[in-house]
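Student:
Protein chains: 2
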Amino acid sequence: MQYTIAEENYIKSVYHLQQQSALVATNHLAEALQTQPASVTDMVKKLTGKKLVHYERYKGVRLNAAGKRLALQIIRKHRLWEYFLVNTLEFGWDEVHEVAEQLEHVSSAKLIEQLDRFLGHPRFDPHGDPIPDKEGKLAFRQRLPLLDQPHQKWLEITAVGDESPALLEMLGHHNIQLGTRVRVLRAFSFDGSIEISVADQKPVTISNQLAKTLLVKLIEHD
Amino acid sequence: MQYTIAEENYIKSVYHLQQQSALVATNHLAEALQTQPASVTDMVKKLTGKKLVHYERYKGVRLNAAGKRLALQIIRKHRLWEYFLVNTLEFGWDEVHEVAEQLEHVSSAKLIEQLDRFLGHPRFDPHGDPIPDKEGKLAFRQRLPLLDQPHQKWLEITAVGDESPALLEMLGHHNIQLGTRVRVLRAFSFDGSIEISVADQKPVTISNQLAKTLLVKLIEHD
DNA sequence: AATAAAATTTAGACAAATCTAAAATTTATT
DNA sequence: AATAAATTTTAGATTTGTCTAAATTTTATT
Ligand SMILES: [Mn+2]
Ligand SMILES: [Mn+2]
Ligand SMILES: [Mn+2]
Ligand SMILES: [Mn+2]
Numbered sequence: 006m007q008y009t010i011a012e013e014n015y016i017k018s019v020y021h022l023q024q025q026s027a028l029v030a031t032n033h034l035a036e037a038l039q040t041q042p043a044s045v046t047d048m049v050k051k052l053t054g055k056k057l058v059h060y061e062r063y064k065g066v067r068l069n070a071a072g073k074r075l076a077l078q079i080i081r082k083h084r085l086w087e088y089f090l091v092n093t094l095e096f097g098w099d100e101v102h103e104v105a106e107q108l109e110h111v112s113s114a115k116l117i118e119q120l121d122r123f124l125g126h127p128r129f130d131p132h133g134d135p136i137p138d139k140e141g142k143l144a145f146r147q148r149l150p151l152l153d154q155p156h157q158k159w160l161e162i163t164a165v166g167d168e169s170p171a172l173l174e175m176l177g178h179h180n181i182q183l184g185t186r187v188r189v190l191r192a193f194s195f196d197g198s199i200e201i202s203v204a205d206q207k208p209v210t211i212s213n214q215l216a217k218t219l220l221v222k223l224i225e226h227d
Numbered sequence: 006m007q008y009t010i011a012e013e014n015y016i017k018s019v020y021h022l023q024q025q026s027a028l029v030a031t032n033h034l035a036e037a038l039q040t041q042p043a044s045v046t047d048m049v050k051k052l053t054g055k056k057l058v059h060y061e062r063y064k065g066v067r068l069n070a071a072g073k074r075l076a077l078q079i080i081r082k083h084r085l086w087e088y089f090l091v092n093t094l095e096f097g098w099d100e101v102h103e104v105a106e107q108l109e110h111v112s113s114a115k116l117i118e119q120l121d122r123f124l125g126h127p128r129f130d131p132h133g134d135p136i137p138d139k140e141g142k143l144a145f146r147q148r149l150p151l152l153d154q155p156h157q158k159w160l161e162i163t164a165v166g167d168e169s170p171a172l173l174e175m176l177g178h179h180n181i182q183l184g185t186r187v188r189v190l191r192a193f194s195f196d197g198s199i200e201i202s203v204a205d206q207k208p209v210t211i212s213n214q215l216a217k218t219l220l221v222k223l224i225e226h227d
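What follows is the structure, given as structure tokens:
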């Protein structure tokens with residue numbers, strides 16, 4: 006079967022909201038999809054009819070196995086396209102989401118398999134989010150807030166918590182990218198800012214807000 | 006303004022049908038778009054309201070300047086994507102049209118400019134059709150039916166008249182591609198077939214039907 | 001020129017996806 | 001437990017793009 010763009014967007018939203026709470030509320034979906042709760046109720050009924058979600062009136066909705074499979078397929082397309090836009094077409098990672106929102110609905114199995122091959126089977130998108138493989142499997146990587154990491158240990162930036170041009174500008178200023186290695190040197194109680202060293206450059210102080218937005222993994226040793 | 010997929014498809018169809026006859030008939034549009042004449046009338050009225058076409062009841066429709074500009078933008082996207090699919094993602098040219106029909110509706114000026122740059126500003130798509138440039142300009146190249154070309158002169162295959170897997174198979178068999186050089190040696194009145202030499206290989210006989218489908222240009226001299 | 005055939009338009013309906021306003025149900029508060 | 005507040009659903013309407021059937025107009029044929 007083929008699904009409409011609206012249906013695909015609903016399924017994707019349910020998937021993302023499910024990460025927070027197992028049952029997704031009508032109002033949360035409406036908020037995420039920028040639509041009215043009444044519209045959500047209608048569509049959720051349709052998706053129930055199409056056997057993609059489990060739904061109980063007044064309680065909430067969640068994906069069933071088929072829905073989850075579909076969601077991961079769409080997310081796979083979205084993130085592969087984002088990777089393509091950044092790595093092949095030289096977009097900034099603050100510019101790709103909107104375009105990927107359109108490209109993710111293009112339907113061609115061969116297209117996505119050949120794109121994946123051309124890109125070299127990337128496992129993470131430009132924001133550090135995992136790209137589901139053909140079977141829907143997600144690679145795991147730590148994504149811990151830089152803010153509350155132990156001092157002196159080497160860390161690697163694995164993901165960013167938002168995708169704004171403002172954050173990209175900030176990271177450019179500090180010479181930080183995904184994959185960059187940093188160490189927390191100390192924390193300031195006054196404003197919650199922290200001092201870090203980026204790669205081998207001289208230490209810089211970053212705001213609490215920035216430190217919360219950057220996600221890292223602990224590096225084995227070094 | 007932004008146009009719907011349906012609107013874009015109508016505009017593109019009017020453009021293509023206009024190449025045959027300046028005024029496009031409702032039934033021709035319906036046939037091309039695989040829809041009913043009544044639906045065409047409705048949409049044509051809408052496009053008139055949006056100032057993309059000129060329309061007179063019972064007479065026919067034609068693009069105005071804005072409509073022509075839009076049509077060429079969509080065709081540019083379609084053909085650039087076809088080029089990408091064949092040259093970057095290793096599709097066969099018999100597999101790309103359907104996917105390009107979807108991709109042509111993705112709306113992002115930066116996407117198409119960066120794609121064009123990545124591909125090296127190609128001027129012809131995998132079927133030999135010209136790719137409009139950013140301003141809508143089409144490169145010219147002769148596309149004469151191989152069938153009625155003078156004998157002994159060197160010719161280059163510039164385009165194919167259809168996009169079927171069957172034709173692609175046939176061309177593979179004869180080792181012919183776009184850009185291949187051929188010479189007509191003689192014609193057979195019995196079935197209208199012709200004998201040609203392909204590049205420097207030994208002569209082969211091709212059917213009248215195939216000779217009509219291959220389009221060529223005369224090569225300056227050699 | 002009258003009539004028949006073909007092409008086109010109009011009228012009225014329908015499915016998809018959305019909306020607003022009102023009703024129903026659940027959850028929180030007194 | 002009763003009442004108020006919040007959430008969710010239902011009812012009815014709207015827009016887009018489509019359809020069928022009937023009416024209109026144009027074109028072709030006698
Ligand atoms: Mn995204
Ligand atoms: Mn992403
Ligand atoms: Mn095509
Ligand atoms: Mn083409």
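Those sequence lines, one after another, are chains A and B.
Numbering-wise (the working numbering), the first sequence opens with residue 6 and increments by one.
Numbering-wise (the working numbering), the second sequence opens with residue 6 and increments by one.
Glycine included, C-beta positions come from ideal geometry on N, C-alpha and C.
(1) With a threshold of 7 Å between beta carbons, is Leu85 of chain B in contact with chain A?
(2) In the DSSP assignment, the beta strand (DSSP E) including Lys142 of chain B goes from what residue to what residue?
(3) For Tyr88 of chain B and Pro131 of chain B, which I take to be in contact (beta-carbon distance under 8 Å), what is that distance rounded to the nearest angstrom?
(4) Taking a contact to mean a Cβ-Cβ separation below 7 Å, would you say Ile136 of chain A touches Leu85 of chain A in this structure?
(5) Just to confirm the assignment, what range does the alpha helix (DSSP H) spanning His179 of chain B have?
(6) Is Asp130 of chain A near ligand 2, judged by its Cβ being under 6 Å from some heavy atom?
(7) Of the residues A:Val29, A:Leu116 and A:Leu52, which one's Cα is nearest the Cα of Thr9 of chain A?
(8) Measuring CA to CA, which of B:Ala70, B:Lys56 and B:Glu12 is closest to Ser44 of chain B?
(9) I want to know whether the stretch 95-111 of chain B touches the stretch 57-72 of chain B - three or more CB-CB distances under 8 Å.
(10) Below 9 Å on C-beta distance, what does Phe96 of chain A contact in chain B?
(11) Measure the beta-carbon distance from Arg191 of chain A to Ile199 of chain A and round it to whole angstroms, keeping in mind my assumption that it falls under 8 Å.
(12) Since Ala192 of chain B is in the beta strand (DSSP E), which residue starts that stretch and which ends it?
(13) Let me know if Asp153 of chain A comes out buried or exposed under the rule of 16 or more other beta-carbons within 10 Å of its beta-carbon.
(14) Quick one: does Gln78 of chain B have its CB under 7 Å from some CB of chain A?
(15) With a threshold of 16 other CB atoms inside 10 Å of the CB of Asn32 of chain A, please say whether the residue is buried or exposed.
(16) Work out the CA separation of Ser169 of chain A and Leu151 of chain A for me, nearest whole Å.
(17) Considering only the alpha carbon of each residue, which of B:Asp47, B:Glu95, B:Leu108 and B:Leu143 lies closest to Arg74 of chain B?
(18) Please tell me whether, using a cut-off of 6 Å, the distance from the CB of His102 of chain A to the nearest non-hydrogen atom of ligand 3 is below it.
(19) At a cut-off of 6 Å, would you count Ala171 of chain B as near ligand 3, judging by its Cβ distance to the nearest heavy atom?
(20) How is Pro42 of chain B classed by DSSP in three states: helix, strand or coil?
(21) Consult DSSP for Leu149 of chain B and reduce its assignment to one of helix, strand or coil.
(22) Once you ignore the five residues that flank Phe123 of chain B on each side, which residues in its own chain have a CB closer than 7 Å to its CB?
(23) Could you check whether the Cβ of Glu140 of chain A sits closer than 6 Å to any heavy atom belonging to ligand 4?
(24) Given this structure, state the Cα-to-Cα distance separating Met48 of chain B from Tyr60 of chain B, to the nearest angstrom.
(25) Could you give the distance in angstroms between the alpha-carbon of Gly54 of chain B and the alpha-carbon of Tyr20 of chain B?
(26) Would you say Phe220 of chain B and Thr163 of chain B are within 7 Å of each other, going by their C-beta atoms?
(27) When you compare only the Cα positions, how much space is there between Thr210 of chain A and Gly197 of chain A?
(28) Answer yes or no: do His156 of chain A and Val189 of chain A have a C-beta to C-beta separation smaller than 7 Å?
Tutor: Walking through what the data contain:
(1) no
(2) Counting along the chain, Lys142 of chain B falls outside any beta strand (DSSP E), and DSSP gives it neither H nor E.
(3) 6 Å
(4) yes
(5) Pro170 to His179
(6) yes
(7) A:Leu52
(8) B:Glu12
(9) no
(10) Lys115, Leu116 and Gln119
(11) 7 Å
(12) Arg186 to Ala192
(13) exposed
(14) no
(15) exposed
(16) 18 Å
(17) B:Leu143
(18) no
(19) no
(20) helix
(21) strand
(22) none
(23) no
(24) 11 Å
(25) 18 Å
(26) It should be noted that the sequence gives Leu, not Phe, for residue 220 of chain B. Taking 7 Å as the Cβ cut-off, Leu220 of chain B and Thr163 of chain B qualify as a contacting pair.
(27) 10 Å
(28) yes
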